[in-house]
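What follows is a short report on a single structure.
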Amino acid sequence: MKETAVPDAKRPSSGDTLVGFGFALGAYVMWGFLPLYMKLVSHVPPAEVVAHRVIWSLPIAGALLVLLGRTRDVRAAILSPRTLAMGCVSAALITVNWGLYVWAIATDRALDAALGYYINPLFSVALGAILLGERLTRAQIVAVGLAAAAVSFLAYQNGAVPWVAIGLTVSWGFYALCKKQLPIGPNQGFLLEVLILIVPALGYVMWLATQGNSHFTFTAMPDTWLLMGCGVVTAVPLLFYANGAKGLRLTTIAIMQYIAPTMIALCAVVVFKEDFGTARMIAFPMIWAALLIYSVSMFRQMRR
Numbered sequence: 015m016k017e018t019a020v021p022d023a024k025r026p027s028s029g030d031t032l033v034g035f036g037f038a039l040g041a042y043v044m045w046g047f048l049p050l051y052m053k054l055v056s057h058v059p060p061a062e063v064v065a066h067r068v069i070w071s072l073p074i075a076g077a078l079l080v081l082l083g084r085t086r087d088v089r090a091a092i093l094s095p096r097t098l099a100m101g102c103v104s105a106a107l108i109t110v111n112w113g114l115y116v117w118a119i120a121t122d123r124a125l126d127a128a129l130g131y132y133i134n135p136l137f138s139v140a141l142g143a144i145l146l147g148e149r150l151t152r153a154q155i156v157a158v159g160l161a162a163a164a165v166s167f168l169a170y171q172n173g174a175v176p177w178v179a180i181g182l183t184v185s186w187g188f189y190a191l192c193k194k195q196l197p198i199g200p201n202q203g204f205l206l207e208v209l210i211l212i213v214p215a216l217g218y219v220m221w222l223a224t225q226g227n228s229h230f231t232f233t234a235m236p237d238t239w240l241l242m243g244c245g246v247v248t249a250v251p252l253l254f255y256a257n258g259a260k261g262l263r264l265t266t267i268a269i270m271q272y273i274a275p276t277m278i279a280l281c282a283v284v285v286f287k288e289d290f291g292t293a294r295m296i297a298f299p300m301i302w303a304a305l306l307i308y309s310v311s312m313f314r315q316m317r318r
């Protein structure tokens, strides 16, 4: 029910809240610094890192829902074949996204990861038009076309499709679409996903241990602690984002999402010393221009 009583001093007239802004900013900053952590485990195979992201996210997500008293929602979702099937699809998509991201950082392709997350909002707009019948404004059509031209230019200049960026964009775009259709809250949805993934994740980690290929051992404690920490760096930003989105307008969230890829790109160039290159010097400004056009159009729509 919408509150109409005493105005909240923390809530501006725009509909944004300071608490929501703080949560969302925390999430995007943590995602921006995530490449630094993933670089520490770059010697570990991506599949093993993803498995530990799942395993150690479970207790964090579970503890939060126990504190909130919302575990009944997850139980109902598991007993619903339709919701469970949708959860399996979103779990598969986030696994692909995590795997690509971990591999990109480990193989010095952080700039491609940043490009993928820059393109993502424009891909989501196109996805909504194609699958949900949402109408695009002329400005949005121009923005999507400009982003497509930038990716095509990169493919032409480099002699290969930037499949890492495209893979991250497509997997996260469809994941967001599935999450939107999932009939439970974002925190409950995240717990449902890790519950679905926990069996294959544990099975894979146990198989690695029997083969003597596991990095999670008592003889290699630095790796063990880093892999356990994967749960924290995975679950906490997602939960921050889920709670931040409740207290912010869609336009605010849309603009703030550019924080993370900007930090990732800076990290790639300044810390990892990746070569920006002439092709990226042309393609990235095209993407930034597309995002500017898209954002201005979005603001105008919201005002109307």
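Residue numbers for the sequence shown follow this note's numbering, so the first one is 15 and each next one is one higher. Ideal Cβ placement from N, Cα and C applies to all residues, glycine included. These numbers were taken from a predicted model, which means no experiment stands behind them.
**Asked** When the Cα atoms are used, what is the spatial distance from A234 to L146?
**Response** 49 Å
**Request:** Mind reading off the beta-carbon distance from Y42 to Q271? Whole number of angstroms is fine, and I expect it under 8 Å.
**Result:** Distance from Y42 to Q271 at the Cβ level is roughly 7 Å; contact confirmed, criterion being Cβ atoms closer than 8 Å.
**Request:** Can you grab the Cα-Cα spacing for the pair L81 / I69, in whole Å?
**Result:** 20 Å
**Asked** Are there 16 or more other CB atoms within 10 angstroms of the CB of V208, so buried, or fewer, so exposed?
**Response** Answer is buried; the Cβ neighbour count reaches 16.
**Item:** Backbone secondary structure at P176 - three-state DSSP
**Value:** coil
**Request:** Starting from I210, follow the alpha helix (DSSP H) in both directions and report where the run begins and ends.
**Result:** In the DSSP assignment, I210 falls within the unbroken alpha helix (DSSP H) covering P200 to Q225.
**Message:** Any contact between the segment 88-99 and the segment 183-199? By contact I mean 3 or more CB pairs, one from each, below 8 Å.
**Reply:** With contact defined as three or more Cβ pairs closer than 8 Å, the segment 88-99 and the segment 183-199 are in contact.
**Prompt:** When the Cα atoms are used, what is the spatial distance from Q171 to A128?
**Reply:** Whole-angstrom Cα-Cα distance: 18 Å.
**Request:** Write down the C-beta distance between A297 and L168 rounded to the nearest angstrom, noting that I regard them as a contact closer than 8 Å.
**Result:** 5 Å
**Buried versus exposed call for S166 [16 or more other C-beta atoms within 10 Å across all chains shown]** = exposed
**Request:** Could you tell me which of I278, V246, A163 and A256 sits nearest to A293, measuring between CA atoms?
**Result:** For the residues I278, V246, A163 and A256, the minimum Cα distance to A293 belongs to A163.
**Request:** Look at the Cβ atom of L107, then the Cβ atom of Y51, and state whether they are nearer than 9 Å.
**Result:** no
**Asked** What residues in its chain sit with their C-beta under 6 Å from that of R123, if we drop five residues either side in the sequence?
**Response** V178
**Message:** Let me check understanding here. Comparing Cα to Cα, which of L48, L205, M242 and V103 lies closest to E62?
**Reply:** M242
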